[in-house]
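Each position in the sequence shown, counted from 1, maps to that position plus 58 in our numbering. Heads up, the beta-carbon is just placed ideally off N, CA and C, and yes, glycines get one too. Since we're looking at a predicted model, the values are computed, not measured. Take a look at the structure set out below.
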Amino acid sequence: MPRLMPIRGLRYTASAGALDQLLAPPFDVIGERERERLAELSPHNAVRLEAAGEEYQAIAAELERWEAEGIVERDGAPMLYVYEQVFVEKGIERRRRALICGVESQPWEEGAVLPHEFTMSAPKEDRLRLLQATATQFSPIFMLARDRSGQLAELLAGTAERGEPDTSGVTADGVTHRLWVLPADRAALRPLAPLLSEAFYIADGHHRYETSVAYRTWLAEQEGTLASDHPARFAMAGVVPVEDEGLVVRPLHRFVPREAPGDWRARLEPLFDVEEASVAIEPGTLEALRAASPDAIVAVNLAPGAVHLLRPRSEDAVASLAPAGASARWVSAAPILLRLGVLDPLWELSDEDLRAGAVTFTHEVAEVVEALGGGGTGFLLQHVPANEVITLADGGERLPQKSTFYYPKLGTGLVFAPLSP
59 MPRLMPIRGL RYTASAGALD QLLAPPFDVI GERERERLAE LSPHNAVRLE AAGEEYQAIA
119 AELERWEAEG IVERDGAPML YVYEQVFVEK GIERRRRALI CGVESQPWEE GAVLPHEFTM
179 SAPKEDRLRL LQATATQFSP IFMLARDRSG QLAELLAGTA ERGEPDTSGV TADGVTHRLW
239 VLPADRAALR PLAPLLSEAF YIADGHHRYE TSVAYRTWLA EQEGTLASDH PARFAMAGVV
299 PVEDEGLVVR PLHRFVPREA PGDWRARLEP LFDVEEASVA IEPGTLEALR AASPDAIVAV
359 NLAPGAVHLL RPRSEDAVAS LAPAGASARW VSAAPILLRL GVLDPLWELS DEDLRAGAVT
419 FTHEVAEVVE ALGGGGTGFL LQHVPANEVI TLADGGERLP QKSTFYYPKL GTGLVFAPLS
479 P
């Protein structure tokens, strides 16, 4: 079962500047333009550590400079960190709270932490080389935990509501980030005990978690058996109760830079009822159509300039797509249904095609519409709810990469986790 540990975090000091200028998202959502924008905010923005390219030793040297100059400073003792994000989703202000701590890095087969998506080798190789050079985790892995007793939520709320945060800032997307530093005494640790009887789930950060396991193994090979409380045995995580009302999962839409074959309807109608929707190809209109059609995939440009709703004809038709051993729940998840029921019949895309970028992903409908300006085909999907993700993970089933988008991302830069004692 999971094992938690306070971490002796490395945090920005006041001399680093305002937190607004220092925070970044996780590495895997930072494109080149965003990297440049963040780097221009401050010479000490976390992007300079989290996503600064492949000059790993140079990144390590940068971190050392920051420590020497007092830009970052390590806490004097292991701590817990209460993290609150306040944001607006669909016109409603929401808040989500997480406990940042260490979660023991164990292989998936141990069952203490469960995945819901597959990973690729290249990002893991990159993250491992960064860890080997810096011995520091820069971004918390987003984990979910069942908080049946409600004690974790009480700890988070009690900390956040009792006084001003130790640090706070607002990022360009309008999200407010607040952090409270909590001494890891018995009173703070006691509410965590009920969590440890059940598995945790990766919401976001599968590559970083697998890298943490690999780093722990690598370091043990270099130095011998690691003590049970050695920081390298743990992955820095932001643990969010599954029951948190601020837990928002957005859909990830698809764009295929190919025209649909002329007989697309004949290929899809054995599985789907195909209905043309007389709407404009405009972001707000398409999003409204998607939201009003929870049982459908919205397809744009199957026929030039047209929008269609693809609704499965029956549960049996969907189940017929399932490979041996797969559950009906798995095959009916929107990303799987699209891949097996639409993309494969239309284009027969291989895994290699997907790795080469044959499909692009975004949670913004506007980005799909923009891409369609150059041709191609777009698909707007429904989100996979968190409880569905957990049920699949409990059954040992995983979704493809880019199946879920938890919003907002946990920020990088509130606290770093050195992997040395």
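Three-state secondary structure (DSSP) of residue i
i	result
Arg308	strand
Leu367	strand
Arg206	coil
Ser255	helix
Phe419	strand
Phe85	helix
Thr470	strand
Pro249	helix
Ser77	Note on residue identity: the sequence assigns Leu, not Ser, to residue 77. Reduced to three states, the DSSP call for Leu77 is helix.
Glu175	strand
CB contact flag (residue i, residue j, <9 Å)
i	j	result
Pro479	Trp405	no
Thr269	Lys182	yes
Val358	Thr435	yes
Leu68	His235	no
Val376	His174	no
Leu253	Arg204	yes
Pro136	Leu210	no
Tyr259	Ser163	no
Ala116	Val140	no
Val228	Tyr464	no
Pro64	Gly160	yes
Thr194	Leu121	yes
Glu142	Leu214	yes
Ile158	Val473	yes
Ala293	Arg266	yes
Pro458	Arg397	yes
Arg132	Pro341	no
Ala335	Val365	yes
Ile118	Arg93	First, the amino acid is wrong: residue 118 is Ala here, not Ile. No, the Cβ-Cβ distance between Ala118 and Arg93 is not below 9 Å.
Thr418	Phe330	no
Lys223	Trp238	A small fix is needed here, since residue 223 is Pro in this sequence, not Lys. Yes, the Cβ-Cβ distance between Pro223 and Trp238 is below 9 Å.
Pro241	Leu138	yes
Leu379	Gly363	no
Leu62	Val271	no
Ala295	Ile199	yes
Pro403	Leu326	yes
Residue i - partner residues in DSSP beta bridges
i	result
Trp238	Val140
Gly227	His235
Thr194	Pro476
Glu131	Arg69
Gly160	Met63, Met294
Arg155	Glu142
Ile117	Answer is none; Ile117 lacks a bridge partner.
Met201	Ile260, Val297
Glu147	Ile150
Residue i burial status per 10 Å Cβ neighbour count (16 or more: buried)
i	result
Glu373	exposed
Ile150	exposed
Gly221	exposed
Met201	buried
Lys467	buried
Phe176	exposed
Gln280	exposed
Ser197	buried
Arg91	exposed
Glu108	buried
Asp287	exposed
Thr283	exposed
Thr275	exposed
Ser100	buried
Asp243	exposed
Ser207	exposed
Asn103	buried
Arg456	buried
Ser461	buried
Asp409	exposed
Arg413	exposed
Val427	buried
Ala74	buried
Asp262	buried
Gly471	buried
Gly469	buried
Min CB distance residue i to chain B below 9 Å
i	result
Glu422	Protein chain content of the structure displayed is limited to a single chain, and chain B is not contained in it.
Contact test: residue i Cβ vs the ligand MN heavy atom, cutoff 8 Å
i	result
Asp321	Only the bare structure without any ligand can be found here, which leaves the ligand MN out of the picture.
Item to check | Entirely enclosed alpha helix (DSSP H) segments - the segment 311-382, minimum 4 residues | outcome: 322-326, 341-349, 373-377
Item to check | Runs of beta strand (DSSP E) lying entirely within the segment 378-461, each at least 3 residues, in chain order | outcome: 418-420, 435-438
Checklist entry - In chain order, which alpha helix (DSSP H) runs of at least 4 residues are fully inside the segment 260-294? => result 264-281
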